[in-house]
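Number of protein chains: 2
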Amino acid sequence: MLQERSYKRGNDELQQTKLESCDPTDDTPNSEYITPNGDIDDDDSAFNFDEGEHVPFEKKFDYTEEEMLQKSRQFYEEMNDRRSVRFFSNRPVPLRVIENIIRTAGTGPSGAHTEPWTFSVVRDQAMKEQIREIIEAEEKVNYEKRMGNKWLNDLKAIGTTYKKPYLSVCSTLIVIFKQVYSFDERGQRKTHYYHEISTAISVGLMLAAIQKAGLVTCTTTPMNAGPRLRKILGRESYEKVLLLLPVGYASENATVPDFKRKSLEDIMDLHD
Amino acid sequence: MLQERSYKRGNDELQQTKLESCDPTDDTPNSEYITPNGDIDDDDSAFNFDEGEHVPFEKKFDYTEEEMLQKSRQFYEEMNDRRSVRFFSNRPVPLRVIENIIRTAGTGPSGAHTEPWTFSVVRDQAMKEQIREIIEAEEKVNYEKRMGNKWLNDLKAIGTTYKKPYLSVCSTLIVIFKQVYSFDERGQRKTHYYHEISTAISVGLMLAAIQKAGLVTCTTTPMNAGPRLRKILGRESYEKVLLLLPVGYASENATVPDFKRKSLEDIMDLHD
Numbered sequence: 001m002l003q004e005r006s007y008k009r010g011n012d013e014l015q016q017t018k019l020e021s022c023d024p025t026d027d028t029p030n031s032e033y034i035t036p037n038g039d040i041d042d043d044d045s046a047f048n049f050d051e052g053e054h055v056p057f058e059k060k061f062d063y064t065e066e067e068m069l070q071k072s073r074q075f076y077e078e079m080n081d082r083r084s085v086r087f088f089s090n091r092p093v094p095l096r097v098i099e100n101i102i103r104t105a106g107t108g109p110s111g112a113h114t115e116p117w118t119f120s121v122v123r124d125q126a127m128k129e130q131i132r133e134i135i136e137a138e139e140k141v142n143y144e145k146r147m148g149n150k151w152l153n154d155l156k157a158i159g160t161t162y163k164k165p166y167l168s169v170c171s172t173l174i175v176i177f178k179q180v181y182s183f184d185e186r187g188q189r190k191t192h193y194y195h196e197i198s199t200a201i202s203v204g205l206m207l208a209a210i211q212k213a214g215l216v217t218c219t220t221t222p223m224n225a226g227p228r229l230r231k232i233l234g235r236e237s238y239e240k241v242l243l244l245l246p247v248g249y250a251s252e253n254a255t256v257p258d259f260k261r262k263s264l265e266d267i268m269d270l271h272d
Numbered sequence: 001m002l003q004e005r006s007y008k009r010g011n012d013e014l015q016q017t018k019l020e021s022c023d024p025t026d027d028t029p030n031s032e033y034i035t036p037n038g039d040i041d042d043d044d045s046a047f048n049f050d051e052g053e054h055v056p057f058e059k060k061f062d063y064t065e066e067e068m069l070q071k072s073r074q075f076y077e078e079m080n081d082r083r084s085v086r087f088f089s090n091r092p093v094p095l096r097v098i099e100n101i102i103r104t105a106g107t108g109p110s111g112a113h114t115e116p117w118t119f120s121v122v123r124d125q126a127m128k129e130q131i132r133e134i135i136e137a138e139e140k141v142n143y144e145k146r147m148g149n150k151w152l153n154d155l156k157a158i159g160t161t162y163k164k165p166y167l168s169v170c171s172t173l174i175v176i177f178k179q180v181y182s183f184d185e186r187g188q189r190k191t192h193y194y195h196e197i198s199t200a201i202s203v204g205l206m207l208a209a210i211q212k213a214g215l216v217t218c219t220t221t222p223m224n225a226g227p228r229l230r231k232i233l234g235r236e237s238y239e240k241v242l243l244l245l246p247v248g249y250a251s252e253n254a255t256v257p258d259f260k261r262k263s264l265e266d267i268m269d270l271h272d
């Protein structure tokens with residue numbers, strides 16, 4: 001039933017199969033076997049592949065070990081300087097920089113190369129204020145009615161409130177939508193396997209791009225405000241708000257919590 | 001009930017609230033209101049904050065517009081060169097480079113700064129072969145029994161099989177676990193809000209780091225193999241396999257599908 005296409009691969013005797021499937025996983029305790037109803041395969045298209053042949057992979061680099069060490073170390077240090085900042089100045093950010101940041105997010109891998117993301121960029125002041133209003137209204141209800149005791153207790157310790165002034169102060173809001181499905185050229189509904197994981201990975205690339213540009217952001221999840229945000233931004237019903245990133249310059253006196261990151265030993269488990 | 005802590009913020013009159021809550025969202029059609037049982041808040045700790053004061057944010061850069069444009073453009077181009085590659089040589093990668101890649105992933109933001117990730121690094125040949133065996137065995141069953149007709153049909157077009165030779169050929173496997181919860185110093189169970197989105201974002205940073213080091217990978221999801229992988233890697237029951245990345249050098253004749261990425265216009269929705 002499944003055809004197995006093998007391609008002649010010159011000297012690569014070890015690898016005879018052209019395209020491997022990259023399949024979902026989610027070994028949550030309450031589901032023994034899982035089929036993917038939305039989140040990553042990989043970059044290479046299950047859906048595009050039949051429309052295009054394989055081409056040689058152009059290797060652009062051949063670093064020495066020293067160069068790899070130096071480059072990987074430097075990138076780590078740049079990323080390690082990143083902090084979530086909630087205190088923004090209203091200094092404008094050039095749109096072309098934001099465009100490069102969005103382009104970078106768009107280079108992420110995705111399940112069956114469906115690229116299941118939409119990035120709404122909001123710079124209009126009235127709209128930023130409207131978004132802030134929606135989010136604060138939902139947050140107020142979240143705090144007062146929807147959160148359980150444990151959660152409220154967890155939040156008590158940090159003194160958060162439903163107020164989010166930075167949403168209307170910062171230069172740019174990026175509202176990130178995951179596309180749960182879409183429609184192909186023939187109007188057929190197209191499944192987006194692993195849309196959530198794929199979109200979250202693209203946000204990782206976006207955070208790196210924001211850092212590279214010398215800007216700051218704070219990764220936020222506007223709980224329960226998704227449907228209203230989707231409507232005022234005019235997005236389709238199959239697009240769901242995943243995250244919202246205020247992007248801009250830190251204010252003069254911005255502060256961040258005095259926390260440390262886990263050490264390499266705490267996060268890496270080596271089998272050498 | 002909730003205390004609202006306000007801090008004096010010098011000239012920042014617009015922003016009086018010290019820490020904003022960053023809350024989950026998931027406006028899936030079948031749930032009107034959502035509480036987070038695992039996926040991103042943001043970098044700054046709900047749980048750590050009560051243990052540490054805010055400190056000034058050290059701005060390390062103050063780029064001109066031209067510099068921002070140049071830096072953001074260059075980073076985009078570097079990331080745009082990334083492709084998922086499935087054809088690896090067995091050339092070894094220095095462990096110190098892998099360590100920098102893992103460190104970079106560890107700089108990601110996470111819900112309430114729980115850093116809900118474990119990265120198992122497998123370089124032992126016998127263990128790589130064992131992992132390949134587990135994954136291929138599950139994949140065989142996935143193909144033959146678990147996948148629906150639509151999915152099988154989607155895969156038919158691309159000619160994938162259950163075979164994954166690259167898993168034992170490449171230098172290094174990185175198995176990425178999301179920690180669904182954990183335990184604090186007192187042995188109390190600690191909720192990991194947004195663990196899946198947080199971990200996927202960290203993988204975005206990891207992909208950037210792999211690219212920066214001049215190496216290649218392929219983001220894969222070993223469907224249904226999670227529990228067995230977790231066991232042979234000796235991880236805890238609250239750690240769940242999210243993704244698996246083979247990392248190394250592309251083989252001499254590696255190919256990639258001839259696909260294009262969506263354009264900026266296709267992924268960006270501007271409200272200026």
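In order, the protein sequences belong to chains A and B.
What the first sequence shows, in the UniProt record's numbering, is residues 1 to 272, in sequence order.
What the second sequence shows, in the UniProt record's numbering, is residues 1 to 272, in sequence order.
Each residue gets a CB set at the ideal place from its N, CA and C atoms; glycine is no exception.
Beta-carbon proximity of residue i to residue j, cut-off 8 angstroms
i                     : j                 : result
Phe-87 (chain A)      : Thr-255 (chain A) : yes
His-54 (chain A)      : Gly-111 (chain A) : no
Asp-62 (chain B)      : Leu-233 (chain A) : no
Met-68 (chain A)      : Pro-94 (chain B)  : yes
Ile-102 (chain B)     : Ile-267 (chain A) : yes
residue 276 (chain B) : Ser-72 (chain A)  : This structure does not reach residue 276 (chain B), given that chain B is present from 1 up to 272, and the question cannot be answered.
Tyr-181 (chain A)     : Leu-215 (chain A) : no
Glu-265 (chain A)     : Gln-179 (chain A) : no
Own chain partners of residue i with C-beta closer than 6 angstroms, once the 5 adjacent residues on each side are dropped
i                 : result
His-271 (chain B) : none
Ile-201 (chain A) : Gly-108
Asp-123 (chain B) : It should be pointed out that residue 123 (chain B) corresponds to Arg in this sequence rather than to Asp. Correct list, in chain order: Thr-172.
Ala-225 (chain B) : Ile-134, Ile-135, Glu-138
Tyr-166 (chain B) : Arg-86, Phe-88, Pro-246
Ser-198 (chain A) : Ile-40, Ser-110, Gly-111, Pro-116
Arg-82 (chain A)  : Gln-211
Ala-213 (chain B) : Val-97
Tyr-162 (chain A) : Glu-136, Glu-139, Lys-140, Tyr-143
Thr-114 (chain B) : His-192
Chain-order list of residues whose beta-carbon lies under 8 angstroms from that of residue i (same chain, five-residue window excluded)
i                 : result
Met-79 (chain A)  : Ala-208, Gln-211
Val-203 (chain B) : Ala-105, Ile-176, Thr-219, Leu-242, Leu-243, Leu-245
Glu-144 (chain A) : none
Arg-235 (chain A) : Thr-118, Ser-120, Phe-177
Ser-237 (chain B) : Arg-230
Beta-bridge partners of residue i, as assigned by DSSP
i                 : result
Ser-84 (chain A)  : A:Thr-217
Tyr-181 (chain B) : B:Thr-191
His-113 (chain A) : Partner(s): none; His-113 (chain A) has no beta bridge.
Gly-248 (chain B) : B:Val-216
Phe-57 (chain B)  : In the DSSP output, where bridge partners are listed per residue, Phe-57 (chain B) has none listed.
Glu-239 (chain A) : A:Gln-179
Ile-174 (chain B) : B:Val-121, B:Leu-245
Pro-257 (chain B) : A:His-54
Leu-270 (chain B) : A:Val-121
Amino acids of chain B, ordered along the chain, whose beta-carbon sits closer than 7 angstroms to that of residue i
i                 : result
His-113 (chain A) : Phe-259
Phe-57 (chain A)  : Arg-83, Val-85, Ala-250, Ala-254, Thr-255, Val-256
Lys-262 (chain A) : Gly-106, Glu-115
Chain-ordered chain A contacts of residue i [CB-CB under 7 angstroms]
i                 : result
Ser-72 (chain B)  : Val-97, Asn-100, Ile-101, Ala-209, Lys-212, Ala-213
Lys-140 (chain B) : Simply none; closest approach about 11 angstroms.
Lys-60 (chain B)  : Asp-81
Interface partners of residue i on chain B, CB under 8 angstroms
i                 : result
Ser-202 (chain A) : Gly-204
His-54 (chain A)  : Thr-255, Val-256, Pro-257, Asp-258
Tyr-181 (chain A) : The contacting residues do not exist; Tyr-181 (chain A) stays about 11 angstroms from chain B at best.
Neighbouring residues, chain A, relative to residue i (Cβ below 9 angstroms)
i                 : result
His-195 (chain B) : Per Cβ cutoff of 9 angstroms: no residues; His-195 (chain B) is ~11 angstroms from chain A at best.
Per-residue contacts from residue i into chain A (C-beta, under 8 angstroms)
i                 : result
Glu-65 (chain B)  : Pro-94, Val-97
Arg-189 (chain B) : Simply none; closest approach about 10 angstroms.
Val-122 (chain B) : His-271
Val-119 (chain B) : Per the sequence shown, the amino acid found at residue 119 (chain B) is Phe instead of Val. Chain A residues near Phe-119 (chain B): Ile-267, Met-268, Asp-269.
Contact set between residue i and chain B, taken where Cβ atoms lie within less than 9 angstroms
i                 : result
Ala-137 (chain A) : Those within 9 angstroms of Ala-137 (chain A) in chain B number zero; the least Cβ separation is about 13 angstroms.
Asn-80 (chain A)  : Arg-103, Thr-104, Gly-106, Thr-107
Residues near residue i in its chain [Cβ-Cβ closer than 7 angstroms; skip 5 each side]
i                 : result
Leu-229 (chain A) : Ile-131, Ile-134, Val-175, Pro-222, Val-241
Glu-51 (chain B)  : Residue placement at Glu-51 (chain B) is poorly supported in this model, since its pLDDT is 41, which falls under 50; the coordinates still yield a value, given next. None.
Ser-251 (chain A) : Phe-87, Phe-88, Ser-89
Asp-184 (chain A) : Lys-190
Val-169 (chain A) : Phe-88, Asn-90
Leu-205 (chain A) : Thr-104, Ala-105, Thr-107, Gly-108
Pro-92 (chain A)  : Ser-171
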